Amino acid sequence: MKNNFPLQKRVLWIGVFPALIIPCTGALFYFVWFAESNWVQPVYASIKVFTFVWPVFAAFFLLKEGLGKLGALFKFQWNIVMEGVGCGILMSLCVLFVLFSPFGNAVFDQAAVVREKAEQMGVISHFVIFGLFLSFLHSLLEEYYWRWFVFGNLHRFLNSKSLAYGVGALGFASHHIVVTTQLFDGPIGWMYGLTVGVAGAIWSWLMVRHQSLIGAWVSHIIVDITLMSVGYYLIFHVSSK
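Listed below in structure tokens is the structure:
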């Protein structure tokens with residue numbers, strides 16, 4: 005344990021801590037502070053590059069392990085896939101239940117704001133392609149970044165596994181909270197953002213349970229398809245009425 009402590013400190017403070025806060029800071033830049041400037045797309049793109057590059061840097065230069073362990077997490081088994089499908093469907097049903105409950109009125113009321121944000125980000129003209137990118141590729145990037153790198157190292161180096169789940173979930177929720185609090189006023193924006201953290205904790209649990217990212221990724225894809233479908237409906241049907 006004594007010999008491992010410097011590695012623990014180095015990975016948590018130099019590797020994981022920036023990884024927890026930079027996506028949230030980036031979201032503040034492109035979704036709040038400079039939302040109406042020409043900086044939105046460059047900052048958004050740079051954050052995505054960071055989420056891809058930073059874990060690679062940490063794996064080689066902090067952990068000095070390379071990416072071998074990441075490859076092992078793409079273990080494919082049908083039971084893992086089906087559990088991911090079931091989890092994704094249950095989460096999507098929860099989304100739809102909330103949408104068609106009294107809480108969903110806040111979502112429909114903000115349809116024009118959702119459209120405005122999509123226009124500011126320059127995705128309104130190719131929203132379907134953007135939605136497919138988010139659902140399939142961006143979800144994989146998030147699983148690689150938030151589950152494998154951030155949560156994986158929290159789970160490995162923190163003494164409390166519960167703390168690892170909590171910190172990982174809040175980190176994952178943080179940049180989503182920036183988005184949801186801009187779209188929805190008051191506590192409901194925070195509530196929607198924090199539910200993303202709950203989803204993140206479940207996906208972390210799936211990764212630990214199966215020692216694979218596949219189930220979490222499949223579940224994430226299904227949930228993102230549901231959310232992007234809701235976004236499409238708000239932008240092109242509700243806001244245009």
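Yeah, the sequence shown ends on 245 if you go by my numbering, and it's all consecutive. The beta carbon of each residue, even a glycine, is placed where N, CA and C say it ideally should be. The structure presented is a predicted model; accordingly, all values stated were derived computationally and were not measured.
Evaluate E69 with the Cβ neighbour count: other Cβ atoms within 10 Å of its Cβ, from every protein chain shown; 16 or more gives buried, anything less gives exposed. As a first step, residue 69 is located in the sequence shown; it is residue number 65 there, counting from the start. With fewer than 16 other Cβ atoms within 10 Å, it is exposed.
N- and C-terminal bounds of the alpha helix (DSSP H) containing I128: By 1-based counting over the sequence shown, the position of residue 128 is 124. Run containing I128: none; DSSP gives neither H nor E here.
Helix, strand or coil for K6? Go by DSSP, reduced to three states. As a first step, residue 6 must be located in the sequence shown, where it is residue number 2. Residue confidence for K6 is low, a pLDDT of 49 falling below 50, so the modelled location carries little weight and cannot support an answer.
Please confirm if the stretch 92-105 is in contact with the stretch 164-181, defined as three or more CB-CB distances below 8 Å between the two stretches. no
Applying the criterion that 16 or more other CB atoms from any shown protein chain within 10 Å of the CB defines a buried residue, is S223 buried or exposed? As a first step, residue 223 is located in the sequence shown; it is residue number 219 there, counting from the start. Counting Cβ neighbours within 10 Å, S223 comes out buried, since at least 16 surround it.
Check whether the Cβ atoms of V311 and V182 lie closer than 8 Å to each other. Because the chain in this structure spans residues 5 to 245, residue 311 falls outside the shown range and cannot be described.
I believe M125 touches Q45 by the beta-carbon criterion, under 8 Å. Please report the beta-carbon distance rounded to the nearest angstrom. Stepping through the sequence shown from its first residue, residue 125 is reached at position 121. Stepping through the sequence shown from its first residue, residue 45 is reached at position 41. With 8 Å as the limit, M125 and Q45 qualify as a contact, their Cβ atoms being about 7 Å apart.
Whose C-beta lies closer than 7 Å to the C-beta of V242 among residues of the same chain, with five residues either side of it excluded? Here residue 242 is taken as the residue at index 238 of the sequence shown, counted from 1. Cβ neighbours of V242 beyond the five flanking positions: F112 and A115.
Below 7 Å CB to CB, which residues in the same chain sit around V140 once its five sequence neighbours on both sides are set aside? Mapped onto the sequence shown, residue 140 falls at position 136. The sequence as given places Phe at residue 140; Val does not occur at that position. For F140, where only same-chain residues beyond five positions count, the Cβ hits under 7 Å are I225.
Nearest CA to the CA of A62: which residue from E40, A39 and F21? In the sequence shown, residue 62 corresponds to position 58, counting from 1. Considering only alpha carbons, the answer is F21.
Counting only the same chain and skipping the five closest in sequence on each side, list residues whose C-beta sits under 7 Å from that of F176. For this step, residue 176 is matched to residue 172 along the sequence shown. For F176, where only same-chain residues beyond five positions count, the Cβ hits under 7 Å are W150, V200, G201 and G204.
Can you tell me the Cβ-Cβ gap for L66 and G19, rounded? I've got them flagged as a contact below 8 Å. For the purposes of this step, residue 66 is taken as the residue at position 62 of the sequence shown. For the purposes of this step, residue 19 is taken as the residue at position 15 of the sequence shown. The Cβ separation is near 5 Å, so the contact holds.
Relative to the C-alpha of W58, which candidate in A110, S208 and I26 has its C-alpha closest? As a position in the sequence shown, residue 58 is number 54, starting the count at 1. Of the listed residues, the one whose Cα sits closest to W58 is I26.
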